[in-house]
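Asker:
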Amino acid sequence: MEFFDVIHTRRSIRKYKNKAIEEEKLRKIMAAVRAAPSARNRQPWKYIIITDDNIKRKIYKPALEQNSILEAPVIIAAIGYPADYVCTNGNIAHQVDIGIAGEHIALSATALGLGSCWIAAFKQKETKEILDVPADAHIVALFTIGYPDEEPEIKARKALTEIVYSEKWDGEPPEWVK
């Protein structure tokens, strides 16, 4: 699939077919994650690949009983570790870095004919306990991955003229966005 097609066809998938994901596809997704940039190249992340139905059932409740947790053949827990570095601008580095790597997950899955959904609605403490994540680490997101069993509509997006300014906050949009 062509790059911009991948970007524009990616959707948050919440219903999955009962079909295993090929190991080679998972390997490609995780290789794409490994290639993601990070602040000072710290690569402050660890990933737990969850395929065991018993663990999914345990995560289901602290993940606010989202059915996709049970349906997806794979869940990837993206964990910031070490979670101690703050960028000069005040951003918590691992959250930004995993944000970038997380988009690599979503786009790679789409390119491979899979669906994904970034899940941030879960209880941190309980999920960490289930996955044996150390206290000094932070689960940034859970990603459900699988073959889509739905085709969500394209959601409305704001016009470029509403989100792109020229030179300063609330400046005129550049001519090329009009």
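The working numbering puts the first residue of the sequence shown at 882, with every later residue one more than the last.
Using N, Cα and C, we set each Cβ at its ideal position, and we do this for glycine too.
None of these values were measured; they are calculated from a predicted model.
(1) Could you please give me the residues that DSSP links to residue 927 through a beta bridge?
(2) Find out if the Cβ-Cβ distance for the pair residue 916, residue 966 is shorter than 8 Å.
(3) Might you give, ordered along the chain, the residues of its own chain that have their beta carbon closer than 7 Å to the beta carbon of residue 901, omitting 5 neighbours on each side?
(4) As a quick exercise: from 889, 894 and 1005, pick the residue whose alpha carbon is nearest that of residue 1037.
(5) Hey, would you say residue 949 sits closer than 8 Å to residue 897, going by beta carbons?
(6) Run the CB neighbour count on residue 1055, radius 10 Å, all protein chains shown included, and call it buried at 16 or more, exposed below.
(7) Less than 8 Å between the C-beta atoms of residue 1018 and residue 982, yes or no?
(8) Using the rule of at least 16 other Cβ atoms within 10 Å of the residue's Cβ for burial, across every protein chain shown, is residue 998 buried or exposed?
(9) What does the alpha-carbon distance come out to for the pair residue 905 and residue 1058?
(10) Under 8 Å Cβ to Cβ from residue 880, same chain only, skipping five residues before and after it: list those, please.
(11) Quick check on the DSSP output: the beta strand (DSSP E) that includes residue 1026 runs from which residue to which?
(12) Please say whether residue 973 and residue 1024 have beta carbons closer to each other than 8 Å?
(13) Closest to residue 926 by CA distance: which of 975, 989, 939 and 887 is it?
(14) Threshold first: 3 residues or longer. Then list the beta strand (DSSP E) segments lying entirely within the segment 955 to 999, N to C.
Answerer: On the basis of the data shown:
(1) 960
(2) no
(3) 954
(4) 889
(5) yes
(6) exposed
(7) no
(8) With 16 or more other Cβ atoms inside 10 Å of its own Cβ, residue 998 counts as buried.
(9) Straight-line Cα distance between these residues: approximately 40 Å.
(10) The requested residue 880 does not occur in the structure, where the chain is confined to residues 882 to 1059.
(11) In the DSSP annotation of this structure, the continuous segment of the beta strand (DSSP E) that includes residue 1026 starts and ends at 1019 to 1027.
(12) no
(13) Ranking 975, 989, 939 and 887 by CA distance to the CA of residue 926 puts 975 first.
(14) 955 to 961
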